[in-house]
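Student: Input: one structure, supplied below.
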Amino acid sequence: MGGVTATDSAPEGAREAAARPAHVPKQDRSRATRQRLLAAAVACLAEHGWAGSTVSVVAERAGVSRGAAQHHFPTREDLFTAAVEYVAEERSTALRALFPQGAADRREVVSALVDLYTGPLFRAALHLWVAASNEEQLRPRVTELEARVGRETHRIAVELLAADESRPGARETVQGLLDMARGLGLANLLTDDGGRRERVVTQWAVLLDEALGTGFRD
């Protein structure tokens, strides 16, 4: 025979309370709704561009009412400037998560950096750049965040590539790599030429070893 458990010995009301799912605090529900709206805004931008990404479309994608969306973001500009920040944070998080144990070689690093610029986050960011070129309310925030993300991307790339920026030309070489990755991301919007991309990645790994030295992970 099994022993009497604490639940068995508890009063009936206490047992019923224990069986009910824990109440989710209103603040947590609000935060979760906001997160869904931001993720939906990014996805809509990546798929439909600025013109097709209305508040109603984003709300439907997030599974919330338009009223709930406007409670969090009263205007379309509020929603998408917040989405700019979300994109920036997601891109930075993705960069920081690369190779927690260190990369095997520079080609692996180059390939991962290029992948960041050919994924949905870059596509969403690109649509935001285009929108910001025409929307005065978006432009200052996008410009500021892209400058910040650019600095962070460069810093992380330097670390991952084990680049010594005191070496002549090292800084410019790393920046050239990032510019190249961005260019491949733009080209990928029209055609997905994986074979050409792999050849470019391989060649850039060779160029980096020549420019930065072969002492990777020494």
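In terms of this note's numbering, the sequence shown is residues 1407 to 1624.
The beta-carbon is built from N, C-alpha and C at its ideal position, and this holds for glycine as well.
This one's a predicted model, so the numbers in the text were calculated from it and none came from an experiment.
Among residues of its own chain, excluding the 5 on either side of F1479, which ones have a beta-carbon nearer than 8 Å to its beta-carbon?
Tutor: Counting only Cβ-Cβ distances below 8 Å, and skipping sequence neighbours, we find L1443, V1461, L1485, A1488.
Student: From R1554 to H1560, what distance separates their C-alpha atoms?
Tutor: Going from the Cα of R1554 to the Cα of H1560 covers about 10 Å.
Student: Consult DSSP for D1570 and reduce its assignment to one of helix, strand or coil.
Tutor: In this structure, D1570 counts as coil in the three-state DSSP scheme.
Student: Spatial neighbours of S1517 within its chain, please: CB distance less than 6 Å, with the 5 preceding and 5 following residues excluded, ordered by chain position.
Tutor: So the list reads V1607, once near-sequence residues are dropped.
Student: Determine whether the beta carbon atoms of V1520 and G1591 lie at a separation below 9 Å.
Tutor: Their beta carbons are under 9 Å apart, which means V1520 touches G1591 by this criterion.
Student: Would you identify the three-state DSSP class for A1468, choosing helix, strand or coil?
Tutor: Helix at A1468.
Student: What beta strand (DSSP E) runs, 3 residues minimum, are completely inside the stretch 1506-1551?
Tutor: Counting whole runs of 3 or more residues, the stretch 1506-1551 contains no beta strand (DSSP E) stretch at all.
Student: Please classify R1557 as buried or exposed, where buried requires at least 16 neighbouring CB atoms within 10 angstroms.
Tutor: R1557 comes out exposed.
Student: Closer than 8 Å is the cut-off here; do at least three beta carbon pairs connect the stretch 1447-1466 with the stretch 1531-1545?
Tutor: Taking 8 Å as the limit for Cβ pairs, the verdict is that the stretch 1531-1545 does touch the stretch 1447-1466.
Student: Name the residue from E1578, W1610, E1495 whose alpha carbon lies nearest to the alpha carbon of E1552.
Tutor: Closest option to E1552, Cα to Cα, is E1495.
Student: Give the range of the alpha helix (DSSP H) segment to which F1678 is assigned.
Tutor: No answer is possible for residue 1678: the residues shown for the chain start at 1407 and end at 1624.
Student: If A1625 sits next to A1457, beta carbons under 8 Å apart, how far is it from one beta carbon to the other, in whole angstroms?
Tutor: In the structure displayed, the chain extends from 1407 to 1624; residue 1625 sits before or after that span and is not available.
Student: Could you round the C-beta distance between L1567 and R1513 to whole angstroms and report it? I think they count as a contact, below 8 Å.
Tutor: Their Cβ separation, rounded to whole angstroms, is 11 Å, which puts L1567 and R1513 out of contact at 8 Å.
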